[in-house]
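One gets my numbering by counting positions in the sequence shown from 1 and adding 1415 to each.
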Amino acid sequence: MTRPILHHYDLSPFAEKVRLAFGHKRVEWASVEVPIWPPRPDMVPLTGGYRRIPALQIGADVYCDTALILSELDRRYPDHALYPAGQVGAVTAFAAWADAAGFVPAATLTTSIIGDGVPAEFIADRIAFMKHDFSLAASRKAAPVNRQRVTALIGIIADMLADGRPFLFGDTLSAADLAAYHPLWFARSNGGEEIARLIPLDALAPWMDRIGAIGHGERTTLTADDALAVARDALPDPTEGVVDGDPGSLVAGDAVLVQADQANDPVRGTLVAANAREIVVRHSSDVAGTVHVHLPRLGYAVVRDGDA
Ligand SMILES: N[C@@H](CCC(=O)N[C@@H](CS)C(=O)NCC(=O)O)C(=O)O
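Structure follows, in structure tokens:
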């Protein structure tokens, strides 16, 4: 099977979800290190404009957003399912909520401690892209509100684990655990001892340690140039299973723009297929050749290019 390639940086909480998924499924993968702030000239030709981290490349297919990346990993490596049978909907909905609830509050509590060491370029980029200020001063000012938000997340996780179950949805790890875990992982790994004052994690420590112990599977390193060559030398997989049935009445062959609800990094290309779970767009460039860019349906809208 073609080796999956993860475009990411080590500090990325969302990428940690996928690295742990590789560990859980015992998958061999290749790591392409991406700069922590753009420009990302070697990644964007593969994603058609999506700039966020991580992106998963398998040959000439590129999967954006961890929600879809994890379900694609389940499709290709069904053992140790992250969306367990009978719980797919509940896990998907919980994970979408936890991703949104935890990431910015936990990251901003962390920068309220370490913000002085954060490069000015990073702060300026995230203000422009996310309209969010990670500077020390702004993070400290926002700390009381972010503590409340993270406390709510921790309370829900604690409630779910209260009956002694090892993972949020039962005996096995699911995408729900990874979504609830990654913001707390980032805070615990980067916030030093002081983070315990802002985010009391003691009650969740056994659950977090259980997840951390999964590790990242077998990781090798690949250059960005080599990843582009992999895409150029491959053909996208047939899109069987993703039937032509877009609820917005678009059809395969239309020039489209796929826009996230919560971020401004639209993907441009030609619609290949779309259904209730996934949108597939063809994108071509000299450096990457023709790729299929896959995005989740939940949280994204596809419109005719020019109508946006
Ligand atoms: N919904 C996306 C969110 C990804 C995301 O926001 N990732 C962060 C890094 S952890 C990011 O891309 N930040 C801006 C950037 O690096 O350009 C997912 O699940 O993959």
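Cβ coordinates follow ideal geometry from the N, Cα and C atoms, glycine included.
Verify the contact flag: Ala1667, CB atom, against every heavy atom of ligand 1, threshold strictly below 7 Å.
No, the beta carbon of Ala1667 sits no closer than 7 Å to any heavy atom of ligand 1.
For ligand 1, any of its heavy atoms closer than 7 Å to the Cβ of Thr1526?
No, since every heavy atom of ligand 1 falls outside the 7 Å radius drawn around the Cβ of Thr1526.
If I'm right that Ala1639 touches Ala1703 with Cβ under 8 Å, what's the distance once you round it to whole angstroms?
Ala1639 to Ala1703, Cβ: 11 Å. No contact.
Tell me which residues share the same chain as Ala1522 and place their Cβ nearer than 8 Å to its Cβ, disregarding the 5 neighbours each side in the sequence.
Excluding the 5 residues flanking it on each side, Ala1522 has same chain C-beta neighbours closer than 8 Å at Pro1428, Phe1549, Pro1598, Phe1601 and Ala1602, in chain order.
Start and end residues, alpha helix (DSSP H) containing Gly1627:
Here the alpha helix (DSSP H) through Gly1627 covers Ala1620 to Gly1627.
Measuring alpha carbon to alpha carbon, tell me which of Thr1587, Gly1579 and Thr1654 ends up nearest His1495.
Nearest of Thr1587, Gly1579 and Thr1654 to His1495, Cα basis: Thr1587.
Taking 7 Å as the cut-off, is the CB of Pro1428 close to at least one heavy atom of ligand 3?
The model on display carries ligand 1 but not ligand 3.
Any idea what DSSP makes of Ile1420, helix, strand or coil?
In the three-state DSSP reduction, Ile1420 falls in the strand class (E or B).
Under the rule that 16 or more other beta-carbon atoms within 10 Å means buried, what is Leu1650, buried or exposed?
Leu1650 is exposed by the Cβ-count criterion.
Please determine if the stretch 1443-1461 and the stretch 1481-1493 are in contact, where contact requires at least 3 C-beta pairs separated by less than 8 Å.
Because the criterion of three Cβ pairs below 8 Å is not met, the stretch 1443-1461 and the stretch 1481-1493 do not touch.
I need the straight-line Cα distance from Tyr1715 to Leu1686, nearest angstrom please.
Answer to the nearest angstrom: the Cα atoms are 14 Å apart.
If you count every other CB in all the chains shown that lies within 10 Å of the CB of Gln1677, and 16 or more means buried, which is it?
It is exposed - the Cβ of Gln1677 has fewer than 16 other Cβ atoms within 10 Å.
On the DSSP bridge assignment, give the partners of Thr1705 in chain order.
According to DSSP, which records beta bridges pairwise, Thr1705 is partnered with Ser1699.
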